[in-house]
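Visitor:
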Ligand code: SF4
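Protein chains in written order, with our numbering: chain A, 242 to 678; chain V, 510 to 700.
1. Hey, which unbroken runs of the beta strand (DSSP E) at 3 residues or more fall wholly within the region 600–678 of chain A?
2. Report the residue from V/674, V/628, V/514 and V/601 whose alpha carbon sits nearest the alpha carbon of residue 686 of chain V.
3. Using the Cβ count rule (16 or more neighbours within 10 Å means buried), how would you classify residue 662 of chain A?
4. What number of angstroms, rounded off, separates the C-alpha of residue 554 of chain A from the C-alpha of residue 496 of chain A?
5. Sort A/333, A/321, A/433 and A/357 by Cα distance to residue 340 of chain A and report the nearest one.
6. Residues of the region 611–634 of chain A in Cβ contact with chain V at a cutoff of 8 Å, in chain order, please.
7. Would the region 529–542 of chain A and the region 618–636 of chain A be scored as touching if the rule is three or more Cβ pairs under 8 Å?
8. Indicate the three-state DSSP secondary structure (helix, strand or coil) for residue 618 of chain V in the structure shown.
9. When DSSP builds the beta bridges, which residues end up paired with residue 509 of chain A?
10. Mind checking residue 467 of chain A: buried by the 16 CB within 10 Å criterion, or exposed?
11. Within its chain, find whatever has a CB closer than 7 Å to the CB of residue 574 of chain V; leave out the 5 residues flanking it on each side and keep chain order.
12. Just to be sure I understand the criterion: a residue counts if its Cβ is closer than 5 Å to at least one heavy atom of the ligand HEM. Which residues meet that?
13. Among the candidates A/596, A/407, A/608 and A/543, whose CA atom is the shortest distance from the CA of residue 579 of chain A?
14. When you compare the CB of residue 501 of chain A with every CB in chain V, is at least one pair closer than 8 Å?
15. Does any residue of chain V have a CB that is nearer than 8 Å to the CB of residue 678 of chain A?
16. Unbroken alpha helix (DSSP H) runs of length 4 or more, entirely within the region 567–650 of chain V: which are they?
17. So with Cβ pairs under 8 Å, would you call residue 257 of chain A a contact of chain V?
18. Return the CA-CA distance between residue 677 of chain V and residue 376 of chain A, expressed in angstroms with no decimal places.
19. Measuring straight from C-alpha to C-alpha, what distance separates residue 450 of chain A and residue 638 of chain A?
20. Leaving out five residues on either side along the sequence, give the residues of the same chain with a beta carbon under 7 Å from the beta carbon of residue 246 of chain A.
21. Might you give, ordered along the chain, the residues of its own chain that have their beta carbon closer than 7 Å to the beta carbon of residue 401 of chain A, omitting 5 neighbours on each side?
22. How would you write the range of the beta strand (DSSP E) that residue 488 of chain A sits in, first residue to last?
23. May I ask which residues mark the beginning and end of the alpha helix (DSSP H) holding residue 582 of chain A?
24. Distance, Cα to Cα, residue 659 of chain V vs residue 639 of chain V?
25. Select from V/528, V/550, V/527 and V/546 the residue whose C-alpha is nearest the C-alpha of residue 538 of chain V.
26. At 4 residues or longer, what runs of the alpha helix (DSSP H) sit wholly inside the region 271–295 of chain A?
27. Give me the chain A residues within the contact set of residue 626 of chain V, using Cβ-Cβ distance strictly less than 9 Å, ordered along the chain.
28. Should residue 532 of chain V go down as buried or exposed, given a rule of 16 or more other Cβ atoms within 10 Å for buried?
29. Less than 8 Å between the beta carbons of residue 318 of chain A and residue 575 of chain A, yes or no?
30. Would you mind telling me which residues of chain V sit closer than 7 Å to residue 265 of chain A, beta carbon to beta carbon, in chain order?
31. Compare the Cα-Cα distances from residue 434 of chain A to each of A/523, A/516 and A/297 and report the closest residue.
32. Report the option in V/697, V/611 and V/563 whose CA atom is closest to the CA atom of residue 552 of chain V.
33. I'd like the span of the beta strand (DSSP E) that includes residue 543 of chain A, first residue to last.
34. Excluding the 5 residues preceding and the 5 following residue 643 of chain A in the sequence, name in chain order all residues of the same chain whose CB lies nearer than 7 Å to its CB.
35. Measure the Cβ-Cβ separation of residue 292 of chain A and residue 501 of chain A and say whether it is below 8 Å.
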């Protein structure tokens, strides 16, 4: 009997020939990532448990990426970044992307691939639930808490219960011009529910997936957690290899699922059958098509985060916004500083993306998590009262983007941009068909 | 703290399904120190403050876990429906509930990271019920969890329900978290 990609990685990292779903195993960790919200308490636990003079198990494997509460005057939030800074100095950490320096990156899950930490076949843990994003690279990647992170900091190990794998197979030669990876994952979450993959791996496969770019694949694995998944994963291929090799010289070993691997379940989709999707307030599985919601009232549009703040997301939005004025308060927040720079250099018909957004009247923020998770009250784009927002982010539970009176619709950057231009929820196909023809 | 297998007694606080970590502890409050003995009490004050008011303390609603101006709750056991603790990986979620005085949760299912954090951090005991008890139990009911026999007793309504054994995480729960467990088993040196 064969093993899935996830089972193989966990077997190798726990020193076993094979593992089966349900086994509890201790795995060796290749990369541990933390940020400004969970780093300080993890550091506190690390010192308390291993001593004030303790050193992290391997400083080459420990990455600190402040990204959540960066551009704020909140004194506690600023203190948290100071705690990271002091710890990085004390431990002489090579991979600390400090705020206010040239090395500052922004959102950790997009920064990790950019900096070459998402390598196929490895095990990555992060103190953030969207750590599952890195599964797009064929890595086992999942979110953990502060105590578990502190445990890894001291030992380099953690226990894992081997998950069952759900297999999502995609037919289709390429994404239709109106469809984005965000639509696909919203469809899946709507189908299986916010606990439809709890404790399990979501493996995305099939010819359709092979046709996706790395950024598209990241959008899929990013939201595995919104279905309760432990991790999301895509088998590595030439696309993966080209990306990873352009970012790191470190060797890696690609791992694939065996043809006779055993799956919890299989789910089949065809790109051609899918349409632009939306998750209505207040749950990512509260699905509707953009068409069904046409004309719904909105106050604000938000494009950003690890899900919908990558370069291809802004390119998509700019294609639609180009030449129009936005009718909603529209916030643009690049996930990382690298993406922010690319907004200045990437062009559509000779116009840089940033100028397209500026001329349309969008507000442009600094690379960080910003209002994706609300944050302190002075956070850029935060929903502070009863606003209705359409957003390219990943969660819309009550209060996620700030006030619990606010309402958030989740959608693809195409749909968010189309809605920003018209002022109400709009199916982007209206715009895309025009551009294509 | 290590968790004995003695019965756990106290008043119930009842919630619905998909109570996510932003409802358990809204993101704006994640900035306080968990170590500073005074500052950490703020987590008790704001625990469950993100739950929409009408869904807080069911079936009646509009009940706060911790009273205005207080940091510890009169309620000791949370009873909730499916997928409790979904959303982010913030350990502040089980931590804030412990700081508010919650000893155990009984729900029909958990989101994975919340469950794991509750166990590995030794904050509270996450029990699973066979059926959704959030419609049966009322906020304020006196409950007793008989851990030896895996029974939840509703002393107010004089009803009993079977709950699931802790299974593979029982040793970590009893030890009081992953560090104590690792020290007991010799994985991490005693200190
Ligand atoms: S962008 Fe949003 S979802 Fe992504 S890490 Fe930041 S807060 Fe979390």
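Glycine included, each C-beta is placed from N, C-alpha and C at the ideal position.
Guide: Considering the structure as presented:
1. 629–632 and 648–652
2. V/628
3. buried
4. 29 Å
5. A/321
6. 614, 615, 616, 617 and 618
7. yes
8. coil
9. A/410
10. buried
11. 522, 556, 557, 582, 584 and 609
12. Because the ligand HEM does not appear in the structure shown, any question about it cannot be addressed here, the ligands present being the ligand SF4.
13. A/608
14. no
15. Confidence at residue 678 of chain A is low in this model, with a pLDDT of 40, below 50, so the placement of that residue should be treated as unreliable; the coordinate-derived value is given next. Not one chain V Cβ lies under 8 Å of residue 678 of chain A.
16. 601–608 and 621–629
17. no
18. 26 Å
19. 28 Å
20. 379, 444, 474, 476, 496, 497 and 498
21. 251, 266 and 268
22. Taken as a continuous stretch (DSSP letters only), residue 488 of chain A belongs to no beta strand (DSSP E), as it is neither H nor E.
23. 578–586
24. 11 Å
25. V/550
26. 280–291
27. 385, 386, 387, 388 and 389
28. buried
29. no
30. 677
31. A/523
32. V/611
33. 541–545
34. 612, 615, 623, 624 and 625
35. no
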